[in-house]
Amino acid sequence: MKLPKVTLGKVHITLTGLLLATIAGGALAALTIGFSSTGTAVTYAASPGLQDELQIQLSSDGFSPSEVQHVAGTFAIVVENTNVEGDYTLRLKAADGTVVKEVQVQKGSAAWTVTLTAGEYTLTEASHPQWECRITVQ
Numbered sequence: 037m038k039l040p041k042v043t044l045g046k047v048h049i050t051l052t053g054l055l056l057a058t059i060a061g062g063a064l065a066a067l068t069i070g071f072s073s074t075g076t077a078v079t080y081a082a083s084p085g086l087q088d089e090l091q092i093q094l095s096s097d098g099f100s101p102s103e104v105q106h107v108a109g110t111f112a113i114v115v116e117n118t119n120v121e122g123d124y125t126l127r128l129k130a131a132d133g134t135v136v137k138e139v140q141v142q143k144g145s146a147a148w149t150v151t152l153t154a155g156e157y158t159l160t161e162a163s164h165p166q167w168e169c170r171i172t173v174q
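So for the sequence shown, the working numbering puts the first residue at 37; every next one is plus one.
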């Protein structure tokens with residue numbers, strides 16, 4: 037039986053991929069993927085049993101995507117460093133400017149777990165404040 041393909045703008049989701057994700061978690065899980073009208077925001081949430089993380093790329097041009105969304109709760113933020121050399125510092129700030137988490141990275145990529153409530157957050161690199169990834173938590 038051929039399963040239907042769902043099209044959201046330029047993104048195609050095949051139901052087999054969603055089914056494999058739920059089976060891999062060992063139980064039924066809700067997995068949602070969405071995109072903003074600009075195509076830059078990604079939303080996903082996974083129930084317990086699936087790895088729940090935001091994946092963000094860091095390059096010499098800044099963060100990609102520049103906007104992400106996630107449901108409130110505990111999840112991992114993974115920053116894959118594609119070509120920024122040397123040490124760098126990542127800062128996650130709340131909308132009021134409060135530093136929620138600061139991670140000093142000695143080369144390479146970084147990952148950490150956060151528990152965030154609904155609101156707006158900004159991820160920046162300390163030496164390059166113009167590099168920004170906005171995180172909307174719902």
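Just so you know, even glycine gets a beta-carbon here, dropped at the ideal spot from N, CA and C.
With the cut-off set at 8 Å, would you say residue i and residue j are in Cβ contact?
{"i": "Val115", "j": "Ala146", "result": "yes"}
{"i": "Val141", "j": "Trp148", "result": "no"}
{"i": "Lys129", "j": "Thr158", "result": "yes"}
{"i": "Asn117", "j": "Leu94", "result": "yes"}
{"i": "Gly144", "j": "Val173", "result": "no"}
Does residue i come out as helix, strand or coil in the three-state DSSP assignment?
{"i": "Lys184", "result": "Within the shown structure, residues of the chain are numbered from 37 to 174, placing residue 184 beyond reach of any answer."}
{"i": "Val136", "result": "strand"}
{"i": "Gln174", "result": "coil"}
{"i": "Glu121", "result": "coil"}
{"i": "Val114", "result": "strand"}
{"i": "Pro101", "result": "coil"}
{"i": "Val107", "result": "coil"}
{"i": "Ser96", "result": "coil"}
Quick one: using the 10 Å Cβ neighbour count with 16 as the cut-off for buried, is residue i buried or exposed?
{"i": "Ala105", "result": "The residue asked about is misnamed: residue 105 is Gln in this sequence, not Ala. Label assigned to Gln105: buried."}
{"i": "Val120", "result": "buried"}
{"i": "Asp88", "result": "buried"}
Spatial neighbours of residue i within its chain, please: CB distance less than 8 Å, with the 5 preceding and 5 following residues excluded, ordered by chain position.
{"i": "Ser73", "result": "Low local confidence applies: a pLDDT of 37 at Ser73 is under 50, so the model's placement there is unreliable, and no value is given."}
{"i": "Val136", "result": "Leu128, Lys129, Ala130, Val150, Leu152 and Tyr157"}
{"i": "Glu168", "result": "Gly98, Phe99, Ser102, Thr158, Leu159 and Thr160"}
{"i": "Asp123", "result": "Gln140, Val141, Gln142 and Lys143"}
{"i": "Thr166", "result": "Checking the displayed sequence, the identity of residue 166 turns out to be Gln instead of Thr. Excluding residues within five positions, the ones whose Cβ falls inside 8 Å are Gly98."}
{"i": "Ser96", "result": "Asn119 and Val120"}
Following the continuous beta strand (DSSP E) through residue i, name the residue where it begins and the one where it ends.
{"i": "Ala147", "result": "Ala146 to Leu152"}
For the ligand HEM, is there a heavy atom less than 7 Å away from the beta-carbon of residue i?
{"i": "Val120", "result": "Among the ligands in the structure shown, none appear at all, so the ligand HEM cannot be discussed."}
Using a Cβ-Cβ cut-off of 7 Å (strictly less than) and excluding sequence neighbours within five positions of residue i, which residues of its own chain qualify?
{"i": "Ala108", "result": "Leu152, Thr153, Ala154, Val173 and Gln174"}
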